[in-house]
Each structure stands twice: as C-alpha cells, then as structure tokens.
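Chemist: Residue numbers (my numbering): -13 to 243.
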Amino acid sequence: MSDLRSILTTTFLRPLTLLFLALLFLPLTLLYHLFTLNLTPLTSWSSFRDTWFTSFWSLAGAASVSSDTIHLRPLLSACRGVVLDLGPATGLTVPLLPAAQIGRVIAVEPNTTCHHALTAAYATAGIEARVTAAGAEDLDAAGVAEGSVDVVLAVKVLCSVPRPEEVVRALYKTLKPGGKMVVFEHVRNREVAWVGAWQQVLRPVWSACLGGCDITRDTGKWVEEAGEWEKIEWRVVQGQGKWDAVPFVMGVAVKKV
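(1) How close, in whole Å, do the beta carbons of residue 141 and residue 79 come, if the pair is a contact with beta carbons under 8 Å?
(2) If you draw a straight line from the C-alpha of residue 157 to the C-alpha of residue 68, how long is it?
(3) Quick check for students: name the residue ranges of the alpha helix (DSSP H) that lie wholly in the segment 26 to 78, counting only runs of 4 or more.
(4) Can you tell me the Cα-Cα spacing of residue 139 and residue 182, whole angstroms?
(5) Which runs of the alpha helix (DSSP H) spanning at least 4 residues fall entirely within the segment 83 to 165, listed in chain order?
(6) Let me check understanding here. Comparing Cα to Cα, which of 18, 215, 151, 61 lies closest to residue 170?
(7) Terminal residues of the continuous beta strand (DSSP E) containing residue 176?
(8) Between the segment 197 to 208 and the segment 117 to 137, can you find at least three pairs of beta-carbon atoms closer than 8 Å?
(9) In the DSSP assignment, what are the bridge partners of residue 239?
(10) Please state if the CB of residue 104 and the CB of residue 95 are separated by a distance shorter than 8 Å.
(11) Out of curiosity, what's the CA-to-CA distance linking residue 81 and residue 108?
(12) Is residue 176 near the ligand FMN, in the sense that its beta carbon is under 7 Å from a heavy atom of that ligand?
(13) Distance check for residue 73 and residue 190, CA to CA, integer angstroms please.
(14) Inspect the beta-carbon positions of residue 38 and residue 15 and report whether they are closer than 8 Å.
(15) Would you report the Cα separation of residue 93 and residue 168, rounded to the nearest angstrom?
(16) Quick check on the burial criterion: 16 or more other C-beta atoms within 10 angstroms. Buried or exposed for residue 146?
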C-alpha cells in the first residue's frame, strides 16, 4: 500500500501538478502583456517562454525553495570566497547563502526578466554581486576565467543548459585548486526503469512549460567525470524515493589541489 501511495504521489501527482500550474500561467502571462501593451515578449517563443517561466516561478519557485530549505541551507554553507552562481533566476535561494563567508558573486542568468529581482535579492542579503545575461554555456562572455572562482553553485540549472556535459567540464576548469562544485540538480531516475521511461514521456511538455528543464539528464555522472576531484560527497535527499519522477542529486565535489 505504501509503494502504491508513493507511486501515485511522487511518480504521477507531483510532476503533473507542476505542469498544470505552469500551464495556468500561460494564458495569464499572455493576457497581462496584451492588456499592458507590452508586446515585445510576444515577438518570439524564447522571449515569451522566459517571461512565462518568470511569472510561474515567482509562485512555484518560492514554494519549491521553502520545501527544499532543509537540504539547501546546509548544502549552501559550503559557499565562500568568489562564487559563480549559475542561473539563480529571481534569487529565491540568495537568502540561504552564508553572506559572511562570501567575497563576491558572479551570477550568470540569461533570463533578463529576472535581473531586477535578482539584483535586489543580493543587495538585501548584503552580498556584492555582478549579474550578467550570459548563460552557463558562455562563461567567456560572463568574464569568468579558468581557475578564478572558489565555488561553482548549481541549483536546478544544469537541467536546462545546452550541451550540459561540455558545460560541466568548463565549470570544473573555472575552479581554483581546492575549489568546490555545489550541486542540487534534477536527474534521471536510474532505480526504476519504467519511471525513467515515464520521465522521457514527460520530457517534451515539461521542457516547454518549465523554462527548458530536462529531467532525464545524468548530471551526477557528468560531474564525476568532469575532471580530477579530491573527493565527491553525494548526500541523501530526504523524502526522495525510488519511485520519484523528479529526483535530485545533491552534493559537494572538491577539486584536486
């Protein structure tokens, strides 16, 4: 009975509820731009998707971070020095950062509709930050040199970057010796084959509705293979089970000195 309940909730109900909520925001976002005569985001699918996702994430993201705080707060305590913050969106995780340990943040967030809220979040937290419209796949444009950062922070972002394996290898190179990659990411379910197949079924509509997110990636494996690590500490995500259709990998990898 407990397995059946887990299958119904974590395999089907949870992802389908998120998709339903995201779809609710599609007409609301469209109507908002029509009534305010702000038609620029309607000129292309990519710009409209960014605006749609930002509207949806302002609600769903806050609830998600609230439920994930039990994992994120201890995980993000590893952040220190120069932090490369990947795709922080509107900055919902910024209040969880240990501000006293951080020298400055380089935030790469290609969705410019998030920048105002993101900049305000860093300012409120008392963290010096430079917000750039470059993506994680374009670190040169963000002005991030190899061996220049103490921590790479990836929270629910590597699921949406193009060429993720290549990006993870490039992120490894930006770390100083002894630097850390802090990861909390969607991954493919490898424990139950049919749940992984169900993720593949969800993948096209999930990606379209949730800012390009791909829940079938093998991010943990790519991190492990990115370069030479002193150690990798993968942590248990409490409440996550083998039936979960939106599982996470969470941990800290330390670059070899």
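Using N, Cα and C, we set each Cβ at its ideal position, and we do this for glycine too.
Modeler: According to the structure shown:
(1) Going by Cβ atoms, the distance from residue 141 to residue 79 rounds to 6 Å, so yes, they are a contact pair.
(2) Distance between the alpha carbons of residue 157 and residue 68: 14 Å.
(3) Given a length threshold of 4 residues, each whole run of the alpha helix (DSSP H) inside the segment 26 to 78 is given here in chain order: 31 to 62.
(4) So the two alpha carbons sit approximately 26 Å from each other.
(5) Fully enclosed alpha helix (DSSP H) runs of 4 or longer: 101 to 111, 150 to 160.
(6) The option with the nearest alpha carbon to residue 170 is 61.
(7) Looking at the DSSP string, residue 176 is not in any beta strand (DSSP E), and its letter there is neither H nor E.
(8) Inter-segment contact for the segment 117 to 137 and the segment 197 to 208 is absent: fewer than three beta-carbon pairs are separated by less than 8 Å.
(9) Bridge partners of residue 239: 167, 218.
(10) Contact flag set, yes.
(11) Using only the alpha carbons, I get a separation of about 8 Å.
(12) Here there are no bound small molecules, and the ligand FMN is not part of this structure.
(13) For the pair residue 190 and residue 73, the Cα-to-Cα distance works out to about 21 Å.
(14) Yes, they are a contact pair.
(15) One C-alpha to the other measures close to 14 Å.
(16) Note on residue 146: 16 or more other CB atoms within 10 angstroms of its CB, so buried under the neighbour-count rule.
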